[in-house]
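Below is one structure; the comments refer to it alone.
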Amino acid sequence: MLHSIIIPCYKSSRTIREVVELTSAELNRLGHPEYEFILVDDYSPDDGATLRELKALAADYPFVKAISLAKNSGQHNAVMAGLNYAQGDLLIAMDDDMQTHPSQLHFLLDEIEKGYDIVYGYYPDKKHSAFRNFGSYLNYLTVRILIGKPKDMKTSSYWVIRKFVRDYVIQYQSPYTHLQGLFLRTTRNISCVPIKHFEREVGQSGYTLKKLIQLYSNIMGYSVVPLRLSTYCGYFFSILSILGALAIVIRKLVNPAMALGWPSMMCAICFFSGLIMLFMGTIGEYLGRMFLGMNKQPQFVVREVITQNNAPDTEKTGINTSTVEESQTTSSSDIEKL
């Protein structure tokens, strides 16, 4: 059984070699000698240091394939690029910073052997910053509310999926990728296991507040709950305004001398104008994403694919319809070389 390890790389020139070598040693120890590494450089802003290290790994090891993206696409889209080029029966996603440690891999592989389609590793004790943990909590609430994520399902960027899940997921062509949303609409046969979260060895997380907000907003593409919320709010405030109007009429009849207040009227106008603009923005966000999807904005653009034998590889730009056929035509001799 071929195992594909997909690692999105962002300013990881000082850690990625250790990740690859430790993971390779762990797979050999577990009795899984057939594996490949798909390392995706997400246009790291480090003067090419990460890409040079990926090229060196591809030159040193026949089981390493390095992919260079032409622009920064985000972690989830970088993983999607790796999924398109992976050929394994089991596909494993890891981080490049040693926090998703190779020593914990056996927990995920043991769990998926029980018959699950997807297995997540989760961290009872996270080593992220307080800001990142808060962002993770917001993501947990967002996914639960919008796409019905099970309450007891805990997730992270460390997971294992089966090939049929990959085959379905890469059919998604929108640039607004959210892997949890794709996984949850593919199967509910999902498990999670507790694993140890290690301290980050070098640098700091590449996630900024802007990137976290962009990631969370991507979940909108998998749910119509925000639009339904707009409708419910419209009903609520319509009823409220009718009741308010009745109350004003009754008070005016009871006390004809009552003066209607200009400040309260302006507050009401400003409040409801803001509410209308908010929901128009929500609708506009959906329409904008539909427009970009119809214009075939790519998830990722591959500049270069590097392997040890430097064999040419079919260029991909986020239009993923041919990948399933490519993976099905992989010869057994290619696997034996690993």
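In this text, residue positions in the sequence shown follow the UniProt record's numbering: the first is 1, and each later residue adds one.
The beta-carbon is built from N, C-alpha and C at its ideal position, and this holds for glycine as well.
Since this is a predicted model, take the numbers as computed values, not measurements.
As computed with DSSP, G121 is found in a beta bridge with V193.
Shown here for T307: same chain residues with a beta carbon closer than 7 Å to its own, the five before and five after excluded, namely A58, K65 in chain order. Excluding its 5 nearest sequence neighbours in each direction, V169 has C-beta neighbours in its own chain below 6 Å: L182, listed in chain order.
K65 is bridged by DSSP to I38.
Around the Cβ of R166, a 10 Å sphere holds 16 or more other Cβ atoms; the residue is buried. Just measuring C-alpha positions, the residue of S68, P124, C233 sitting nearest F198 is P124. Counting only the Cα atoms, L184 lies some 24 Å from Q104. In the DSSP assignment, E304 falls within the unbroken beta strand (DSSP E) covering 302-306. The alpha carbon of T155 has as its nearest neighbour, out of I145, V119, D110, the alpha carbon of V119. In its chain, beyond the 5 residues on either side, P175 have a beta carbon closer than 7 Å to the beta carbon of Q297.
The C-beta distance from D96 to S12 rounds to 4 Å, short enough to meet the 8 Å contact threshold. DSSP places H76 within a helical segment (H, G or I) once states are collapsed to three. A distance of 9 Å or more separates the beta carbons of Q171 and Q299.
Boundaries of the beta strand (DSSP E) around L91: 90-93. Two segments are said to touch when three or more pairs of C-beta atoms, one from each, lie closer than 8 Å; by this definition the region 106-122 does not touch the region 63-79. If you compare the alpha carbons of I248, I269, L108 with that of I190, the shortest gap goes to L108. Linking V302 to A245 through their CA atoms gives a straight-line distance of about 60 Å. M94 and Y158 do touch by the CB rule: their CB atoms are close to 6 Å apart, below 8 Å.
Taking C-beta atoms as the reference points, D110 and T186 fail to come closer than 9 Å. Taking the Cα positions, L51 is about 13 Å away from I38. In this chain, the alpha helix (DSSP H) harbouring H106 covers 105-112. Bridge pairing for S4: E36, L91 [DSSP]. Rounded to whole angstroms, the gap between the alpha carbons of P33 and L27 is 6 Å. Distances from the CA of I195 to each of M153, H106, R162, S241 were compared; the closest alpha carbon is that of H106. For I16, the enclosing alpha helix (DSSP H) begins and ends at 16-29. If you draw a straight line from the Cα of V305 to the Cα of Y235, it is about 54 Å long. The beta carbons of D41 and C9 sit closer together than 9 Å.
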